[in-house]
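One structure is given here, and the rest of the page talks about it.
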Amino acid sequence: MKKLGIILFMLFNSSPLMFAQGAQKSEVAEMDSLKLGEEKIFGDISVEFIKVISDSRCPESVACIWEGEAKILLGTNFNRNYFERQVTISGRTSEVLELGEIKFSSLQLDPYPATPKKITPKEYSLGFLLDIAP
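Residues -19 to -1, 1 to 115 in mature numbering (1 follows the signal peptide of the UniProt record, and there is no 0) are what the sequence shown spells out, letter by letter.
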């Protein structure tokens, strides 16, 4: 019984240390956004929201069979290599875009369509969650 008490004591006293060490290795995540035509630099990576190719998302006030999707074009400059990537946003979120140790996820195109208002190009913004590995 005494050994069990010692083991439990050691387990509970070492737990905060184990959790603290795990917290130090966690990723840094922050929300950010880009307006259409805007470019931002994150370390040695730049990302530009070039254009909205198409936006067939179902408007909020309409009952649709299919939620639709938006296709956007992003330009990235990573390790002195420039490339463009088409990203599809289904509903409100999209796929994950990874560039080295940086990950762009939860891409969200705003504003979300509503009838009868038509969205002009200058109104678009791209929200995303930026994860940077330590």
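The C-beta atom is built at its ideal place from N, Cα and C for all residues, glycine as well.
Same chain, Cβ closer than 6 angstroms to residue i, five either side skipped, listed in chain order
i: residue 94; result: 38, 40
i: residue 17; result: 30, 102, 105
i: residue 51; result: 36, 38, 70, 90
For residue i, the first and last residue of its enclosing beta strand (DSSP E)
i: residue 60; result: That residue, residue 60, is in no beta strand (DSSP E); it is neither H nor E in DSSP.
i: residue 35; result: 26 to 36
Identity of the residue in the options nearest residue i by Cα
i: residue 107; options: 62, 67, 88; result: 88
i: residue 15; options: 113, 98, 85, 97; result: 85
i: residue 25; options: 68, 62, 110, 49; result: 62
i: residue 80; options: 111, 20, 33; result: 111
i: residue 113; options: 23, 83, 57, 78; result: 83
Buried versus exposed call for residue i [16 or more other C-beta atoms within 10 Å across all chains shown]
i: residue 43; result: exposed
i: residue 46; result: exposed
i: residue 64; result: exposed
Residues of its chain near residue i, where Cβ-Cβ distance is below 7 angstroms and the 5 sequence neighbours each way are ignored
i: residue 96; result: 40, 42, 43
Expected contact under 8 angstroms - CB spacing of residue i and residue j to nearest Å
i: residue 54; j: residue 28; result: Not confirmed; about 11 angstroms, so no contact.
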